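So the sequence shown is residues 612 to 992, counted in the numbering used here.
For each residue, glycine too, the CB sits at the ideal point set by N, CA and C.
Owing to the predicted nature of the structure, the values given are computational and were not obtained by experimental measurement.
Notes to accompany the following structure.
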Amino acid sequence: MNKISPRNLIMTLTALSIGLSGCSTSRRSTSAISERPFGTDSQGTPVTLYTLHNKSGAEVSICNYGGLVTSLKVPDRNGNYGDVVLGFDNLADYIKDSPYFGALIGRYGNRIAKGKFTLDGTTYNLATNNGPNALHGGLKGFNKVIWKARPFQSESGPSLELTYLSKDGEEGYPGNLSTKAVYTLTDDNALKLEYTATSDKDTVVNLTHHSYFNLAGKGTILDHVLMINADKYTPVDSTLIPTGELQPVDGTPFDFRTPTAIGARIGQDNEQLKFGNGYDHNWVINDNTGAIRLMARVYEPTSGRVLEVLSSEPGLQFYTGNFLDGTLKGKGGWIYQFRNAFCMEPQHFPDSPNQPNFPSVVLKPGTVYHNTIIYRFSVGH
Ligand code: GLA
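Written as structure tokens, this is what we have:
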């Protein structure tokens, strides 16, 4: 007969009680990684969906097409688990028409003006896939390629390593870029992303993550309460390219140093908000020393869920889902409406290759690019 130790019994009971507390799937209390087929890409290459389950009962699903986070289930203040990211039920929908839901973004997160930059005297031309500008790595960015996947148990929780070699000239960028992204769901409910890259030629690189969050798991995000640890932001022109200035947030709707509802000032008569059709800007996060620090904190009052965003990067792109317009039907039939989600993209500033005053995005051979992003979940009251 199997012996049940007191500890195992507690774990089993915890799993059972969480499983009965109103969530749709049963919860386990051990760390595990499961995988299942997730369709094929347009070339017929099979894609796998990996689910990391941590000891606390949270789980995240990631596929090796685009490094997409397709679901992220964390508890509310009553212990009910809910999915806090937008996405689709199947790969075909992601391939057909996705505004970067859950995507790994590269080689260059956000915009490069007119799709051009000059490095070491050579001008590189990129596809202009966003009005006059290049956006999020091009026509076939890192969000659309197949990554090599290796699931493993790390010390802090279940992990998935994704690697991809982007060839010299891919999407117009110089250098063979070896890229690695390690996703870990820590046992204290943080999704940690560790990006590294090396190149055999001088190049530019700016990787980030593009989950669309809604901490209530439904409806508008305008009542979510936001803090951003930034005294300055980078204003943009009408095509969302930074003007090059670092402007104080003081006295503007961009001041989130004191927690404020996202919707409190979004409708103000403000030229910058008009250009973005809401918030779609880069904040210059305080204390930029290269160390990981708190960038932003979001609290959703009805569920009590809290998301804290930490990173080593200088900037944070905060985007309020201003391009969602009710034309996409997502997971479980949810029709995604204007401002049903927000993105928090820790990264270097947009258009840095053309902005001499911004922190450099140049990667040289023999050096390693690093970006660590932590999305930490908890509950508040
Ligand atoms: C980023 C950009 C937005 C938009 C989204 C994707 O957040 O800044 O303007 O392009 O990605 O739709």
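Distance check for residue j and residue i, CA to CA, integer angstroms please.
i, j, result
"GLN948", "LEU935", "5 Å"
"THR681", "ALA952", "14 Å"
"GLY783", "LEU776", "15 Å"
"ASN744", "GLY944", "33 Å"
"SER642", "MET906", "28 Å"
"HIS820", "LYS751", "16 Å"
"VAL972", "SER709", "27 Å"
"GLN764", "TYR661", "13 Å"
"TYR823", "LEU697", "5 Å"
"ASP799", "THR863", "35 Å"
"GLY717", "PRO785", "13 Å"
"VAL816", "LEU796", "25 Å"
"LYS684", "GLY941", "16 Å"
"SER667", "LYS803", "15 Å"
"HIS835", "GLU924", "24 Å"
"THR854", "SER963", "11 Å"
"GLY732", "ALA827", "49 Å"
"GLY726", "ALA738", "6 Å"
"GLY690", "GLY678", "28 Å"
"ASP704", "TYR676", "12 Å"
"PHE728", "HIS664", "42 Å"
"PHE865", "LEU918", "19 Å"
"ALA669", "SER789", "31 Å"
"ALA902", "ASN840", "14 Å"
"ALA872", "VAL695", "18 Å"
"LYS791", "GLY720", "16 Å"
"PRO846", "ILE644", "43 Å"
"THR983", "ALA760", "19 Å"
"ASN893", "THR734", "25 Å"
"GLY874", "LEU833", "4 Å"
Is it right to say residue i is buried, meaning 16 or more other beta carbons lie within 10 angstroms of its own, or is it exposed?
i, result
"LYS975", "exposed"
"LYS707", "exposed"
"GLN654", "exposed"
"ASN825", "buried"
"ILE757", "buried"
"ILE723", "buried"
"GLY991", "exposed"
"HIS981", "exposed"
"PRO859", "exposed"
"THR978", "exposed"
"PRO648", "exposed"
"SER616", "In this predicted model, SER616 has a pLDDT of only 34, less than 50, meaning its place in the structure is not dependable enough to derive any value."
"GLN879", "exposed"
"ASP891", "buried"
"ILE946", "exposed"
"GLU781", "buried"
"LYS778", "exposed"
"ASN968", "exposed"
"LYS755", "buried"
"THR938", "exposed"
"ASP898", "exposed"
Cβ of residue i versus every heavy atom of ligand 1: is any distance shorter than 7 Å?
i, result
"TYR775", "no"
"GLU956", "yes"
"LEU746", "yes"
"PHE649", "no"
"PHE934", "yes"
"ASN965", "no"
"ASP891", "yes"
"GLN928", "yes"
"ASN721", "yes"
"PRO925", "no"
"PRO710", "yes"
"LEU921", "no"
"VAL851", "Position check: residue 851 holds Leu in this sequence, whereas Val was assumed. Yes, ligand 1 has a heavy atom inside 7 Å of this Cβ."
When every heavy atom of ligand 2 is checked, does at least one fall within less than 7 Å of the C-beta of residue i?
i, result
"ASN740", "Among the ligands present in this structure, namely ligand 1, ligand 2 is not found."
Scan the segment 891 to 934 and note each continuous beta strand (DSSP E) run of 3 residues or more that stays entirely inside, going in chain order.
-> 891 to 896, 904 to 910, 916 to 922 and 926 to 930
Which ranges would you report for the beta strand (DSSP E) in the segment 655 to 688 if only whole runs of at least 3 residues count?
-> 657 to 664, 670 to 674 and 680 to 686
Inside the segment 816 to 901 only - beta strand (DSSP E) runs reaching at least 3 residues | 819 to 821, 836 to 839, 841 to 845 and 891 to 896
Run through the segment 750 to 798 for me and flag every whole beta strand (DSSP E) of 3 or more residues, listed as ranges in chain order.
-> 759 to 765, 768 to 777 and 788 to 796
Segments of 4+ residues assigned as alpha helix (DSSP H) that fall wholly inside the segment 684 to 737 = 702 to 707
Runs of beta strand (DSSP E) wholly within the segment 937 to 981 (minimum 3 residues, chain order) = 954 to 958
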